[in-house]
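Report on the structure given below.
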Amino acid sequence: MDSSSLSQFLENTYLNSAEVKRRRLTLYFISYIGGIIMAVLAAKNLVRGDHFLALWLGLFSFSVFANAALSHIFKNNNIFYYIAGLIVVIMVAVITFTGGYHNTGLHFVYPLILIQIIIVRFRAAMFYVTGTVGVVALIVYHQESIPATYRAEDVSRFLIALGCFITVAFISEYFWHKSRKEMLTDNLEKLRQANSDPLTKVPNRRFLESVYFERAIKNPADYFPLSVVVVDIDYFKKINDNYGHDVGDRVLINIATLMKNAIRATDVVSRTGGEEFLILYPKTTLSMAVKLAEKIRVEIESSPFIEGDIHHPITASFGVATALTDANINATVKLADEHLYEAKGAGRNRVM
Numbered sequence: 000m001d002s003s004s005l006s007q008f009l010e011n012t013y014l015n016s017a018e019v020k021r022r023r024l025t026l027y028f029i030s031y032i033g034g035i036i037m038a039v040l041a042a043k044n045l046v047r048g049d050h051f052l053a054l055w056l057g058l059f060s061f062s063v064f065a066n067a068a069l070s071h072i073f074k075n076n077n078i079f080y081y082i083a084g085l086i087v088v089i090m091v092a093v094i095t096f097t098g099g100y101h102n103t104g105l106h107f108v109y110p111l112i113l114i115q116i117i118i119v120r121f122r123a124a125m126f127y128v129t130g131t132v133g134v135v136a137l138i139v140y141h142q143e144s145i146p147a148t149y150r151a152e153d154v155s156r157f158l159i160a161l162g163c164f165i166t167v168a169f170i171s172e173y174f175w176h177k178s179r180k181e182m183l184t185d186n187l188e189k190l191r192q193a194n195s196d197p198l199t200k201v202p203n204r205r206f207l208e209s210v211y212f213e214r215a216i217k218n219p220a221d222y223f224p225l226s227v228v229v230v231d232i233d234y235f236k237k238i239n240d241n242y243g244h245d246v247g248d249r250v251l252i253n254i255a256t257l258m259k260n261a262i263r264a265t266d267v268v269s270r271t272g273g274e275e276f277l278i279l280y281p282k283t284t285l286s287m288a289v290k291l292a293e294k295i296r297v298e299i300e301s302s303p304f305i306e307g308d309i310h311h312p313i314t315a316s317f318g319v320a321t322a323l324t325d326a327n328i329n330a331t332v333k334l335a336d337e338h339l340y341e342a343k344g345a346g347r348n349r350v351m
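In structure tokens, the structure reads:
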């Protein structure tokens, strides 16, 4: 996992989930409050004797509640935001067509249009709003076919005011999204720095414990069986003692790069401290993880550190274990660490 992959992983884990939660809560709030308001208005029109308008308002109230309820059940589906936007189009058309109470229905177009801008994503909202305004204009300029009656001067002023309202709303929404994007980019960079090793640029222990394992527990089908490989560079202290810590750092960078190039796109190489690394193989059995670890061991052994007059052979020891469920991740990491010490005790440069 390189820096860009780490950033993408963190964005999907934290930032995108926060945006999804914000949009979902906005949909719920608007749906339930709006549904209640429409239910009350439906009851009032029913008492007045306007059964046609009461029927439509009741249907809208039911549709809004049903859409919100379904979004609770199917939380990962974005279609309910677009259904809400479509409901608004129909609501605006019916209100404009019937005129509402004493031809005052046009006053409700403003908040309904705003709902489309807020709920539906910015670009899609432009199409929704354009279509809604087109429907309204079509209806008000063909009043001979509708029950409502609007004065010509009221219609022209309404459309001008609506156009100004929409323009201001979109400008505000655009700059809000722009400033939010800049803020999220800044937060993402801070998250990346906090979750990556500054020397090798691979994920660190904090990333494993607070991000990766938590995500694996939430989505076990995507990760288990999860194989863990603990890697320790053999006799690394001699490299620092003989050549200095600067050379030792470059050896760590080379080893990290070699392992990153040797793993699959779904795997993760992390530095957990000093000369120790940890590799995660999601959806990988123990036997397969041993084979993958052996491949990396051979690659490290056949890639000595060469720089100027320095030609130093590098080897590493590996401990492998596999978690079958999310209940034993910590135990699996501990077991892999024990296998690492067994590999060291057996002569190093081997997979156990």
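Numbering (numbering that gives the first Met the number 0), first residue to last: 0 to 351.
By construction, the Cβ of each residue, glycine as well, lies at the ideal position given by its N, Cα and C atoms.
Model, not experiment: these values are computed from the prediction.
Between LEU207 and ILE252, how many whole angstroms is the CB-CB distance? I'm expecting something under 8 Å. If you number the sequence shown from 1, residue 207 lands on position 208. If you number the sequence shown from 1, residue 252 lands on position 253. Actually they do not touch by this definition, with Cβ atoms about 20 Å apart.
Between which two residues does the beta strand (DSSP E) carrying SER226 extend? Position 227 of the sequence shown, counting from 1, holds the residue named residue 226. First-last of the beta strand (DSSP E) with SER226: 225–232.
For ARG296, which of helix, strand or coil comes out of DSSP? The residue labelled residue 296 in the question sits at position 297 within the sequence shown. ARG296: helix per DSSP, three-state reduction.
Just reading off the beta strand (DSSP E) that TYR280 is part of, what are its end residues? Within the sequence shown, residue 280 is the residue found at index 281, counting from 1. 275–280 is the extent of the beta strand (DSSP E) around TYR280.
So, with DSSP's three-state summary, where would you put ARG21? By 1-based counting over the sequence shown, the position of residue 21 is 22. In the structure shown, ARG21 sits in a helix (DSSP, three-state: H, G or I).
Are the beta-carbon atoms of LYS282 and PRO224 separated by less than 8 Å? Here residue 282 refers to the residue found at position 283 when the sequence shown is read from its first residue. Here residue 224 refers to the residue found at position 225 when the sequence shown is read from its first residue. Their beta carbons are under 8 Å apart, which means LYS282 touches PRO224 by this criterion.
Range of the contiguous alpha helix (DSSP H) that encloses THR95: In the sequence shown, counting from the first residue as 1, residue 95 sits at position 96. Element bounds for THR95: 78–97.
Can you find the residues in the same chain that come closer than 8 Å, C-beta to C-beta, to ARG249, ignoring five residues on each side of it along the sequence? Position 250 of the sequence shown holds residue 249. Taken in chain order, the residues that qualify are PHE304, GLU306.
For VAL91, is the classification buried or exposed, using 16 other Cβ atoms within 10 angstroms of its Cβ as the cut-off for buried? For this step, residue 91 is matched to residue 92 along the sequence shown. Flag for VAL91 reads buried.
Given a cut-off of 8 Å on the beta-carbon distance, is the pair LEU113 and ALA136 in contact? Your numbering for residue 113 matches position 114 in the sequence shown. Your numbering for residue 136 matches position 137 in the sequence shown. No, the pair does not count as a contact, with Cβ atoms beyond the cut-off.
C-alpha distance - GLU274 paired with ARG263, whole-angstrom precision: Counted from its first residue, the sequence shown places residue 274 at position 275. Counted from its first residue, the sequence shown places residue 263 at position 264. Going by the C-alpha atoms only, they are around 22 Å apart.
My assumption, with CB atoms under 8 Å, is that LEU257 sits in contact with GLU298. Please give the rounded CB distance. The residue you call residue 257 lines up with position 258 of the sequence shown. The residue you call residue 298 lines up with position 299 of the sequence shown. Correct: roughly 6 Å between the Cβ atoms.
Please classify TYR140 as buried or exposed, where buried requires at least 16 other C-beta atoms within 10 Å of its C-beta. Taking the sequence shown and counting its residues from 1, the one referred to as residue 140 is at position 141. Exposed, since its Cβ has fewer than 16 Cβ neighbours within 10 Å.
When you compare the CB positions of SER316 and LYS333, do they come within less than 8 Å of one another, or not? Translated into the one-based positions of the sequence shown, residue 316 becomes position 317. Translated into the one-based positions of the sequence shown, residue 333 becomes position 334. For SER316 and LYS333, no; Cβs fall outside 8 Å.
Can you give me the C-alpha to C-alpha distance between ALA345 and ARG296, rounded to a whole angstrom? As a working note, residue 345 is residue 346 in the sequence shown. As a working note, residue 296 is residue 297 in the sequence shown. Near 15 Å, if we compare the C-alpha coordinates of ARG296 and ALA345.
Can you grab the Cα-Cα spacing for the pair VAL63 / HIS338, in whole Å? The sequence position of residue 63 within the sequence shown is 64, counting from 1. The sequence position of residue 338 within the sequence shown is 339, counting from 1. For VAL63 and HIS338, the distance between alpha carbons rounds to 57 Å.
Between the Cα of TYR100 and the Cα atoms of PHE51, TYR80, ASN77, LEU69, which residue gives the shortest distance? Stepping through the sequence shown from its first residue, residue 100 is reached at position 101. Of PHE51, TYR80, ASN77, LEU69, the residue nearest in Cα terms is PHE51.
How would you label TYR173, buried or exposed, when you count the other beta carbons within 10 angstroms and need 16 or more for buried? Sequence index remark: in the sequence shown, residue 173 carries index 174 (1-based). It is exposed - the Cβ of TYR173 has fewer than 16 other Cβ atoms within 10 Å.
Sub-8 Å separation of ILE118 and ALA83 beta-carbons: Counted from its first residue, the sequence shown places residue 118 at position 119. Counted from its first residue, the sequence shown places residue 83 at position 84. Cβ atoms of ILE118 and ALA83: closer than 8 Å.
Could you round the C-beta distance between THR331 and THR284 to whole angstroms and report it? I think they count as a contact, below 8 Å. As a working note, residue 331 is residue 332 in the sequence shown. As a working note, residue 284 is residue 285 in the sequence shown. About 13 Å separates the two Cβ atoms, so there is no contact after all.
Considering only the alpha carbon of each residue, which of ILE94, TYR81, VAL154, LYS189 lies closest to ALA123? As a working note, residue 123 is residue 124 in the sequence shown. ALA123 has its Cα closest to that of TYR81, out of ILE94, TYR81, VAL154, LYS189.
Helix, strand or coil: how does DSSP classify HIS176 here? One-based indexing of the sequence shown puts residue 176 at position 177. Residue state, collapsed to three classes: helix.
Which residues does DSSP list as the beta-bridge partners of GLU310? For the purposes of this step, residue 310 is taken as the residue at position 311 of the sequence shown. Before going further, note that residue 310 is His rather than Glu in the sequence given. DSSP, once it has assigned bridges, lists ILE305 as partnering HIS310.
May I have the straight-line CA-CA distance separating ALA292 from VAL228, to the nearest angstrom? Residue numbering aside, residue 292 sits at position 293 when the sequence shown is read from its first letter. Residue numbering aside, residue 228 sits at position 229 when the sequence shown is read from its first letter. ALA292 and VAL228: Cα-Cα distance of roughly 7 Å.
ARG249 - DSSP class collapsed to helix/strand/coil: On the sequence shown, position 250 is the one that residue 249 refers to. Of the three classes helix, strand and coil, the one that applies to ARG249 here is helix, per DSSP.
For THR184 and LYS177, I'd like the C-alpha separation in whole angstroms. Along the sequence shown, read from residue 1 onward, the residue named residue 184 stands at position 185. Along the sequence shown, read from residue 1 onward, the residue named residue 177 stands at position 178. For THR184 and LYS177, the distance between alpha carbons rounds to 11 Å.
Is the CB-CB distance between ALA422 and LYS236 below 8 Å? Because the chain spans 0 through 351 in this model, residue 422 falls outside it and cannot be assessed.
Starting from VAL268, follow its DSSP beta bridges and name the residues at the other end. The residue labelled residue 268 in the question sits at position 269 within the sequence shown. Note: VAL268 sits in a beta bridge opposite ILE278.
Cα-Cα separation between VAL167 and PRO146, rounded to whole angstroms: In the sequence shown, the residue the question calls residue 167 occupies position 168. In the sequence shown, the residue the question calls residue 146 occupies position 147. If you take the alpha carbons of VAL167 and PRO146, they lie about 31 Å apart.
Would ILE238 pass as a contact of HIS310 if the rule is Cβ separation under 8 Å? By 1-based counting over the sequence shown, the position of residue 238 is 239. By 1-based counting over the sequence shown, the position of residue 310 is 311. In this structure, HIS310 does not lie closer than 8 Å to ILE238 by Cβ.
Identify the continuous beta strand (DSSP E) that holds VAL319 and give its terminal residues. Stepping through the sequence shown from its first residue, residue 319 is reached at position 320. Residues 315–322.
CA-CA distance, MET182 and VAL350? Looking up residue 182 in the sequence shown gives position 183. Looking up residue 350 in the sequence shown gives position 351. Roughly 45 Å between the two C-alpha positions.
Hey, could you find the ends of the alpha helix (DSSP H) GLN115 is sitting in? Here the question's residue 115 lines up with position 116 in the sequence shown. Its alpha helix (DSSP H) spans residues 108–118.
Cα separation between LEU279 and VAL132? Residue numbering aside, residue 279 sits at position 280 when the sequence shown is read from its first letter. Residue numbering aside, residue 132 sits at position 133 when the sequence shown is read from its first letter. Cα-Cα distance, rounded: 53 Å.
Candidates ASN102, VAL108, TYR149, LYS74, of which the one nearest ILE89 by Cα: Counting from one through the sequence shown, the residue named residue 89 turns up at place 90. The candidate whose alpha carbon is nearest that of ILE89 is VAL108.
Reduced DSSP secondary structure (H/G/I, E/B, other) of ASN102: On the sequence shown, position 103 is the one that residue 102 refers to. Three-state DSSP puts ASN102 in a helix.
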